[in-house]
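These notes are about the structure you will find just below.
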Amino acid sequence: MFICLLSCAVAAVLAFMFPIFTQKMLAAFAQEKGKVLLISAGLLLLLQVLRSVVHILLWGTTADKLRARLNKDIRHNIISSIFQLRTKNFDLYGSGKLIQVVASDTVALSGLYTNIVDVSMCILENIAVFVYIFTANYILGFYCLLEFVVVCLVYHIRIRSRIRGQIKLKQVNDKSIGLVNETIRGVRDIKNYNIQSAMLNKVDESLTDLEKTDAKLGSKQYRLRRVTQIVQNLMAFLFIPLALLLIHFNLTTFAAAFTIFVFRNSTSNVIEWIMSSWEYTKDGGVYAERIYQVIYGFHEGFEEFPAQDAFAALPANLDIVIKDLSFAYDDSLTVLKKFNLNIPFGTTVAIVGESGEGKSTILKLLNKTYDVPRGHIFIGGQDLSDFSQATLRDIITIVPQDPYVFNFSILDNLKIVKPNASSRQIQQACQQAQIHDFIMAQPDGYETVLGENGTKLSGGQKQRLAIARAFLKDSPILIFDETTSALDNENQNKIKEAISNIGHNKTVIIVAHRLSTIVDTDVIHVMKNGMIAASGTHKQLLATCPEYRKLYQHES
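Note that our numbering numbers the sequence shown so that position 148 is 137, with each residue one more than the last.
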């Protein structure tokens, strides 16, 4: 930053000296003073070289480094904030908008920084030029100042119009990018359902809307640019008779008037540069607001965790106790009603029930996707609200129905949860998850790259890889959310065997529709109307619970 300030100061001094020596050179030429002419010309050349050195070596290099660092820092903060964003709020932002913010808005905002510092140097240089103009002739100086004000007013009107259009354009563009993103992500299903034409029509409609909005804004801006140029040309034309009049009455010299005219042009050009930068800055305000929303968000948008645990040490006994828990997604949809559940540590339990009974909601409350509005959840005797984010995510691992697989190698997909894991630990986790043999059958083994979201894996293989991740992470509480709902019998049996390999030093919670996968669990809890209707083993529930018997017979 010191180099930037020094560059500005040096550039301003050089900018003040440049018109002075230009005027001396013109005066020497008019008076046929050859020696003075040569000296002035040499000094002008030297000043131009110095200006180039300041701009290129000092200013340009430093500003680009600062811009690159700023871009990196902004993107880091955005990704960090996305990790803190509540899972439920991703739908509010939309993946298209988030991608646009990370990929484009950050570049534009960091470029705005370079633009601002460039304009800062330009302003200082032209302040120096204005000082020279007023020194040479104050009448022409006031005229140049008047021109500056008039052109600024015209630009102000133009920029206000552009900002209104730019906000609308960005909204339409975000919608279009989001649709394109969804189309690319869903291209396999689009082909499978043979709906390419329908989706292409949707994309075309979105792109047409974007085209019309962009063209309308561009046309309006073109007209305003032409008006600006007409005003600038008119002011330049009026300068000439004014200068000739002053020369006629000996109020200035030809050398001074010509020099002012030349540098008035540069001052006039800088008006356009400054106003364009102001325009860019206004656009930057839109980018900054979108980035600000992601980094800082709305208060309700971020997960709220204490900075650190509210207890001295993690309890050794991680019993889960849910007491009088009530939850509703909105006023018209109550899911849980004074729900109570005890899960002793080291047991394997299952939660079953019809769709919409709130099984997955319990899991979302356990990992704080949603806050507990009424009632309490205790883990090891500690209220869930006392846990920091790091501790809660360390002790609970959820294997979802559709786990995400990164476009990494199998090894990197596993080590992402435990970077310092040894080869033995990784292979042991994969053997427990019934996927080691499949991995070793691949040409590159654990170095096999899986493609975007694991396109090279079947649904069952993705599930078993996710289970291997969970085993490798080694959390004391494992939750399986509908892990086998969409799998064939072979993969279902392998996953069932993988879960059975978990020792009794962990709590295992299984949410399932397919009851054949949970018949061997220690306890099965049956949900109905947002509450526990019955609890017991598979045999006990078949004998005593009509709801469970109905679910089991329906599957059979």
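Think of the CB as a built atom: it goes at the ideal place given N, C-alpha and C, for glycine as much as any other residue.
Under the rule that a run must span 4 or more residues, the alpha helix (DSSP H) segments found entirely inside the region 446 to 534 read 448 to 462, 478 to 489, 527 to 533.
Between Ala501 and Thr386, the C-beta spacing is not below 7 angstroms.
Listed in chain order, the non-local C-beta contacts of Gln210 below 8 angstroms within the same chain comprise Arg147, Ser150, Arg151, Gly154, local neighbours out to five positions each way being set aside. Counting along the chain, Ser411 sits inside no alpha helix (DSSP H), nor does DSSP assign it H or E at all. In the three-state reduction of the DSSP assignment, Leu322 falls in the strand class, which pools E and B. The alpha-carbon of Leu307 is positioned some 19 angstroms away from that of Val388. Note on geometry: alpha-carbon atoms of Arg215 and Leu158 lie some 22 angstroms from one another. Between the region 393 to 404 and the region 321 to 341, the count of Cβ pairs shorter than 8 angstroms is below three; the stretches do not touch. Here the alpha carbons of Ile179 and Pro465 stand approximately 41 angstroms from one another. DSSP, reduced to helix, strand and coil, places Thr217 within a helical segment of the structure shown. Annotation: Ile112 to Thr217 spans about 20 angstroms, alpha carbon to alpha carbon.
In this structure, the straight-line span from the alpha carbon of Arg413 to that of Thr506 is close to 29 angstroms. Contiguous alpha helix (DSSP H) elements confined to the region 126 to 185 occur at 127 to 174, 176 to 181, taking only those with 4 or more residues.
The region 124 to 135 makes contact with the region 234 to 243: 3 or more CB pairs, one atom from each, lie closer than 8 angstroms. Boundaries of the beta strand (DSSP E) around Thr337: 337 to 342. The C-beta of His365 has fewer than 16 other C-beta atoms within 10 Å across all chains shown, which makes the residue exposed. Beyond the five residues adjoining it in sequence on each side, Phe469 comes within less than 6 angstroms, by CB distance, of Val388, Ile499 in the same chain, given in chain order. In this structure, Leu530 is the residue among Gly519, Asn518, Leu530 with its C-alpha nearest to the C-alpha of Asp509.
Around the Cβ of Met516, a 10 Å sphere holds 16 or more other Cβ atoms; the residue is buried.
Counting every other CB atom within 10 Å of its CB across the protein chains shown gives Cys419 a total of 16 or more, marking it as buried. Our two residues, Leu55 and His237, have alpha carbons roughly 52 angstroms apart in a direct line. Fewer than three Cβ pairs drawn from the region 348 to 363 and the region 521 to 528 lie within less than 8 angstroms of each other, which leaves the two stretches out of contact. Judged by DSSP in its simplified three-state form, Thr197 adopts helix. With at least 16 other beta carbons inside 10 angstroms of its own, His514 counts as buried.
The secondary-structure analysis by DSSP pairs Arg363 across a beta bridge with Ser315. The three-state secondary structure of Leu330, taken from DSSP, is strand. Counting along the chain, Ile387 sits inside the beta strand (DSSP E) bounded by residues 385 to 388.
In the DSSP assignment, Ser398 forms a beta bridge with Val438. The three-state secondary structure of Asp308, taken from DSSP, is coil. Here the alpha carbons of Asn402 and Asp313 stand approximately 39 angstroms from one another. Its Cα nearest to that of Leu196, the residue Asn162 stands out among Asn170, Phe328, Asn162. At least 7 angstroms separates the beta-carbon of Ala430 from that of Ile456.
A residue is called buried when at least 16 other Cβ atoms come within 10 angstroms of its Cβ; Gly167 meets this threshold and is buried. With 16 or more other Cβ atoms from the protein chains shown falling within 10 Å of its own Cβ, Gln481 counts as buried.
Distances from the CA of Thr95 to each of Ala57, Ala125, Val120, Phe123 were compared; the closest alpha carbon is that of Ala57.
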